[in-house]
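Q:
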Amino acid sequence: MEIKSAEFVMSNSDVTKCPKDLLPEYAFIGRSNVGKSSLINMITNRKSLAKTSGRPGKTQLINHFLINKTWHLVDLPGYGYARVSKSSKKTFQKFITDYFNQREQMVSAFVLVDIRHKPQPIDLEFMAWMGENDIPFSIIFTKADKLKPQAILNHVADYSAVMMETWEDMPNYFITSSSKEMGKDELLNYIHEVNEN
Ligand code: GDP
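According to our numbering, the sequence shown is numbered sequentially starting from 475.
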């Protein structure tokens, strides 16, 4: 699938005010700085559709983009920003759980993780929550250009081992680099296939 049109629809801090139509939607989420905005811009062929926030963790908005007039790409706020207070962490959790629990249009989520890092508790906890709540998701490994091919394989194998230990399963995953346009076709073809079924 090629993205021919990508339009900003709305930003929202209230899930009940998100678009009312029933277009399928795909949500992108991950720790602040994981490369989410860069990935969204890469797959949509746009330089700054998703804005990189100067103050990560500050803006808690659900951003809807209409893609090819047929589905929504949803940019969720980055989590795990060290400088936010406990109470804003709680608010954030509620915001995200409300989104996933209430948006029936949500077909699948993509949890972004930096391929260079070992599995982080915050990502594992988030994925565990997704699993417990039967929310379908794939992992997107980002910044693969920072590693050599063999190191990419080793890091994915290490990640899989941790996932298998905990959940006896490794979710569907994609290896991407926004700077090298890696993984774009695989990801878009996957979304296309899910949309067709
Ligand atoms: P976000 O906070 O998750 O939206 O992350 P950004 O897209 O703003 O990226 C955070 C930082 O990582 C920026 O300095 C980007 O230039 C860098 N970055 C993002 N994607 C890649 C990538 O694929 N490769 C490399 N080398 N750097 C990346």
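From the three backbone atoms N, C-alpha and C, an ideal C-beta is built for every residue, glycine too.
Owing to the predicted nature of the structure, the values given are computational and were not obtained by experimental measurement.
1. Short check: CB of LYS617 to CB of ASP588, under 7 Å?
2. To the nearest angstrom, how far is the alpha carbon of SER653 from that of ARG577?
3. Enumerate, from N- to C-terminal direction, the unbroken alpha helix (DSSP H) stretches of 4 or more residues contained entirely within the stretch 533–583.
4. Going by other Cβ atoms of all chains shown within 10 Å of its Cβ, with 16 needed for buried, is MET656 buried or exposed?
5. Alpha carbon to alpha carbon, what distance is there between ALA631 and GLN624?
6. Write down every uninterrupted run of the beta strand (DSSP E) in the stretch 586–623 whose length is 3 residues or greater and which is fully enclosed by it, in chain order.
7. Let me check one thing: in DSSP terms, what residues is ILE503 bridge-paired to?
8. Would you kindly check if the distance between the Cβ of MET601 and the Cβ of VAL581 is under 7 Å?
9. Hey, PHE502 and LYS491: beta-carbon distance below 7 Å or not?
10. Go to MET484, then tell me how far its alpha helix (DSSP H) extends in each direction, as first and last residue.
11. Does the Cβ of ALA524 have 16 or more other Cβ atoms within 10 Å, making it buried, or fewer, making it exposed?
12. So, is SER485 buried or exposed, given that buried needs 16 or more other C-beta atoms within 10 angstroms?
13. Tell me where the beta strand (DSSP E) around ILE665 begins and ends.
14. Run the CB neighbour count on ASP597, radius 10 Å, all protein chains shown included, and call it buried at 16 or more, exposed below.
15. Check each candidate in ASN519, ALA635 and ASN607 and name the one with the smallest Cα separation from ILE477.
16. Would you report the Cα separation of SER506 and TYR664, rounded to the nearest angstrom?
17. Within the present structure, is the beta-carbon of ASN537 separated from the nearest heavy atom of ligand 1 by less than 6 Å?
A: For this structure:
1. Counting from 1 along the sequence shown, the entry for residue 617 is found at position 143. Counting from 1 along the sequence shown, the entry for residue 588 is found at position 114. Result yes, Cβ atoms of LYS617 and ASP588 sit closer than 7 Å.
2. Here residue 653 refers to the residue found at position 179 of the sequence shown. Here residue 577 refers to the residue found at position 103 of the sequence shown. Cα to Cα, SER653 sits roughly 32 Å from ARG577.
3. As far as the stretch 533–583 is concerned, its whole alpha helix (DSSP H) runs of at least 4 residues are 560–576.
4. Along the sequence shown, read from residue 1 onward, the residue named residue 656 stands at position 182. Per the 10 Å Cβ criterion, buried.
5. Within the sequence shown, numbered from 1, the residue matching residue 624 stands at position 150. Within the sequence shown, numbered from 1, the residue matching residue 631 stands at position 157. C-alpha separation (whole angstroms): 11 Å.
6. DSSP assignment within the stretch 586–623 yields the following whole beta strand (DSSP E) runs of 3 residues or more, N-terminal first: 611–616.
7. Within the sequence shown, residue 503 is the residue found at index 29, counting from 1. Beta-bridge pairing links ILE503 to VAL585.
8. Working through the sequence shown from its first residue, we reach residue 581 at position 107. Working through the sequence shown from its first residue, we reach residue 601 at position 127. Taking 7 Å as the Cβ cut-off, VAL581 and MET601 do not qualify as a contacting pair.
9. In the sequence shown, counting from the first residue as 1, residue 502 sits at position 28. In the sequence shown, counting from the first residue as 1, residue 491 sits at position 17. If you check the CB distance, PHE502 and LYS491 do not come in under 7 Å.
10. The residue labelled residue 484 in the question sits at position 10 within the sequence shown. Not the alpha helix (DSSP H): MET484 falls in the beta strand (DSSP E), residues 480–486.
11. Within the sequence shown, the letter at position 50 stands for residue 524. Counting Cβ neighbours within 10 Å, ALA524 comes out buried, since at least 16 surround it.
12. Along the sequence shown, read from residue 1 onward, the residue named residue 485 stands at position 11. Around the CB of SER485, fewer than 16 other CB atoms lie within 10 Å, so the residue is classed as exposed.
13. The residue you call residue 665 lines up with position 191 of the sequence shown. Not the beta strand (DSSP E): ILE665 falls in the alpha helix (DSSP H), residues 658–670.
14. As a position in the sequence shown, residue 597 is number 123, starting the count at 1. It is buried - the Cβ of ASP597 has at least 16 other Cβ atoms within 10 Å.
15. In the sequence shown, counting from the first residue as 1, residue 477 sits at position 3. Closest option to ILE477, Cα to Cα, is ASN519.
16. Translated into positions along the sequence shown, residue 506 becomes position 32. Translated into positions along the sequence shown, residue 664 becomes position 190. Cα to Cα, the separation comes out at about 25 Å.
17. On the sequence shown, residue 537 is found 63 positions in, with the first residue counted as 1. Result no, Cβ not under 6 Å from ligand 1.
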